[in-house]
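Visitor: Numbering-wise (our numbering), the sequence shown opens with residue 89 and increments by one.
Quick one: the structure is below, and I'll ask about it shortly.
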Amino acid sequence: MWSLLRLPALSLTMLVIAGCSDPKIDTSSMPAAVVSVDKVRESLPAYKRNEFDQALTIIAMSSFSGVNILNPHRMNAAEIAESANAYMHGLTGDEIIERADKMLRERRARERDQALRTLNRLEEKEANAEQDRQQLTQVSIDQADYYLSTSPYGAPEPVIELAVANATEQTLSQLMLRGELSSPEHDTPWVDETFLYVISGGLAPGETGQWSLAPNRFGPWGDPQIPRDAMLTITLEGVRDSEGNSLWNSPPLTESEAARLEALRKDFAGIRLAD
């Protein structure tokens, strides 16, 4: 008898609980979505509603490529329903917030890993360029002089006297050189150009080569206005081996890459991507 008397009360209690269950997002149609989003929002405590708005926007924006979900702008219910129904259908307000939080954490993790990969790549490029630069320093310009001589026909002939020492372990067949000819009273260099010098027979490891180069007298090197006290600076830009292959030519970081590397080092000091 007791159980029969209790049954209506128990059923009523279950109905009350069912009726008070948290409302869920319904994206089965546009009108249903608009209404359900508002209902779910109103069911939340006031202090959670702004968080809910942000969560909805994050979930919706995640369906668009190239959109920054870390800095979302508020969207209306129709926009949300149209863009993200597959992500939020059947979720309560708290579940929406939890899902958005998970999305943010996953997004931040992906961006962190990508940034660390970029950091590793730029550091490797920087190290390769520095290593190659150190190799090139073993090819030294020991002498670089410029003067104008006189040809058998009385015409001025430019001459570059050059001495190069090879302290590398490679035989060198070609030198890429940059020559700059300047004088104090002249604002800009008389000559600033890059040229290739082919070494007849090559320059073996440990050898020093001395050559007299004859630039084209009809070019900038033959300008008769160049003063006799003009100073020649020769810079080694690159070398090639006996097979004609370029050696130690890893490119340095660009200006933007160097700035990016500096910023990443500050952001991830002491942190490296796991293998």
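Every residue, glycine too, gets a C-beta built ideally from N, C-alpha and C.
Bear in mind the structure is a predicted one, so any value in this text is a computation, not a measurement.
Does residue 256 pass the burial test, meaning 16 or more other C-beta atoms within 10 Å, or should it be called exposed?
Guide: As a first step, residue 256 is located in the sequence shown; it is residue number 168 there, counting from the start. With 16 or more other Cβ atoms within 10 Å, it is buried.
Visitor: Please work out which residues of its chain come closer than 7 Å, Cβ to Cβ, to residue 312, disregarding the five sequence neighbours upstream and downstream, and give them in chain order.
Guide: Against the sequence shown, residue 312 aligns to sequence position 224. Hits under 7 Å: 244.
Visitor: Determine the direct distance from the alpha carbon of residue 205 to that of residue 178, and round the result to whole angstroms.
Guide: Numbered from 1 along the sequence shown, position 90 holds the residue referred to as residue 178. Numbered from 1 along the sequence shown, position 117 holds the residue referred to as residue 205. Using only the alpha carbons, I get a separation of about 38 Å.
Visitor: Report buried or exposed for residue 307, applying the criterion of at least 16 other Cβ atoms within 10 angstroms of its Cβ.
Guide: Walking along the sequence shown from the start, residue 307 turns up at place 219. It is exposed - the Cβ of residue 307 has fewer than 16 other Cβ atoms within 10 Å.
Visitor: To the nearest angstrom, how far is it from the Cα of residue 197 to the Cα of residue 355?
Guide: For the purposes of this step, residue 197 is identified with residue 109 of the sequence shown, where counting begins at 1. For the purposes of this step, residue 355 is identified with residue 267 of the sequence shown, where counting begins at 1. About 14 Å.
Visitor: So, is residue 158 buried or exposed, given that buried needs 16 or more other C-beta atoms within 10 angstroms?
Guide: Along the sequence shown, one-based indexing puts residue 158 at 70. Low local confidence applies: a pLDDT of 48 at residue 158 is under 50, so the model's placement there is unreliable, and no value is given.
Visitor: Helix, strand or coil: which one does DSSP assign to residue 305?
Guide: Within the sequence shown, the letter at position 217 stands for residue 305. Residue 305 falls in the coil class under three-state DSSP.
Visitor: Within the same chain, show all residues whose beta-carbon is closer than 7 Å to that of residue 153, passing over the 5 residues directly before and after it, in chain order.
Guide: In the sequence shown, counting from the first residue as 1, residue 153 sits at position 65. Summary for residue 153: the model assigns pLDDT 45, below 50, so the residue's position carries little reliability, and this model does not support an answer.
Visitor: Using CA atoms only, rank isn't needed, just tell me which of 209, 211, 236, 327 is closest to residue 317.
Guide: Residue 317 sits at position 229 when you count from the first residue of the sequence shown. The shortest C-alpha separation from residue 317 is found at 236.
Visitor: Along the chain, where does the alpha helix (DSSP H) containing residue 251 start, and where does it finish?
Guide: Position 163 of the sequence shown, counting from 1, holds the residue named residue 251. Residue 251 -> not in any alpha helix (DSSP H); beta strand (DSSP E) instead, spanning 244-254.
Visitor: What separation, rounded to the nearest whole angstrom, lies between the Cα atoms of residue 202 and residue 140?
Guide: By one-based count along the sequence shown, residue 202 stands at place 114. By one-based count along the sequence shown, residue 140 stands at place 52. When rounded, the distance between both Cα atoms is 29 Å.
Visitor: Assuming residue 265 and residue 285 form a contact by the criterion Cβ under 8 Å, report the distance between their Cβ atoms to the nearest whole angstrom.
Guide: One-based indexing of the sequence shown puts residue 265 at position 177. One-based indexing of the sequence shown puts residue 285 at position 197. About 6 Å separates the beta carbon of residue 265 from that of residue 285, a gap short enough to meet the 8 Å contact definition.
Visitor: Give a yes or no on whether the C-beta atoms belonging to residue 309 and residue 250 are separated by under 8 Å.
Guide: Within the sequence shown, residue 309 is the residue found at index 221, counting from 1. Within the sequence shown, residue 250 is the residue found at index 162, counting from 1. No; because the gap between Cβ atoms is not below 8 Å, this pair is not in contact.
Visitor: So residue 344 and residue 220 are supposed to be a Cβ contact under 8 Å. How far apart are they, rounded?
Guide: What you label residue 344 is simply residue 256 of the sequence shown in a count that begins at 1. What you label residue 220 is simply residue 132 of the sequence shown in a count that begins at 1. 21 Å between Cβ atoms; not a contact.
Visitor: May I have a chain-ordered list of the beta strand (DSSP E) segments no shorter than 3 residues that lie completely inside the region 181-240?
Guide: 227-238
Visitor: Rounded to a whole number of angstroms, what is the C-alpha to C-alpha distance between residue 147 and residue 194?
Guide: Translated into positions along the sequence shown, residue 147 becomes position 59. Translated into positions along the sequence shown, residue 194 becomes position 106. Computed Cα separation, rounded: 12 Å.
Visitor: So is residue 135 buried or exposed if we call it buried at 16+ other beta carbons inside 10 Å?
Guide: Taking the sequence shown and counting its residues from 1, the one referred to as residue 135 is at position 47. Its Cβ having fewer than 16 others within 10 Å, residue 135 is exposed.
Visitor: To the nearest angstrom, report how far apart residue 365 and residue 271 are at their CA atoms.
Guide: With the chain represented from 89 up to 363, any question about residue 365 goes unanswered, as that position is not in the structure.
Visitor: Go ahead and pull the three-state DSSP assignment for residue 109.
Guide: Taking the first residue of the sequence shown as 1, we reach residue 109 at position 21. If DSSP states are grouped into helix, strand and coil, residue 109 belongs with coil.
Visitor: Around the Cβ of residue 288, are there at least 16 other Cβ atoms within 10 angstroms (buried) or fewer (exposed)?
Guide: Taking the sequence shown and counting its residues from 1, the one referred to as residue 288 is at position 200. Residue 288 is exposed by the Cβ-count criterion.
Visitor: Measure the C-alpha to C-alpha separation of residue 347 and residue 211 and round it to an integer number of angstroms.
Guide: Within the sequence shown, the letter at position 259 stands for residue 347. Within the sequence shown, the letter at position 123 stands for residue 211. Cα to Cα, the separation comes out at about 12 Å.
Visitor: Note down the Cα distance separating residue 304 from residue 207, rounded to an integer number of angstroms.
Guide: As a position in the sequence shown, residue 304 is number 216, starting the count at 1. As a position in the sequence shown, residue 207 is number 119, starting the count at 1. The straight-line gap from Cα to Cα measures roughly 47 Å.
Visitor: Going straight from the alpha carbon of residue 349 to that of residue 150, what length do you get?
Guide: Here the question's residue 349 lines up with position 261 in the sequence shown. Here the question's residue 150 lines up with position 62 in the sequence shown. Each residue's Cα considered, the two are about 28 Å apart.
Visitor: Under three-state DSSP, which class holds residue 114?
Guide: As a working mapping, residue 114 is identified with position 26 in the sequence shown. Correct three-state label for residue 114: coil.
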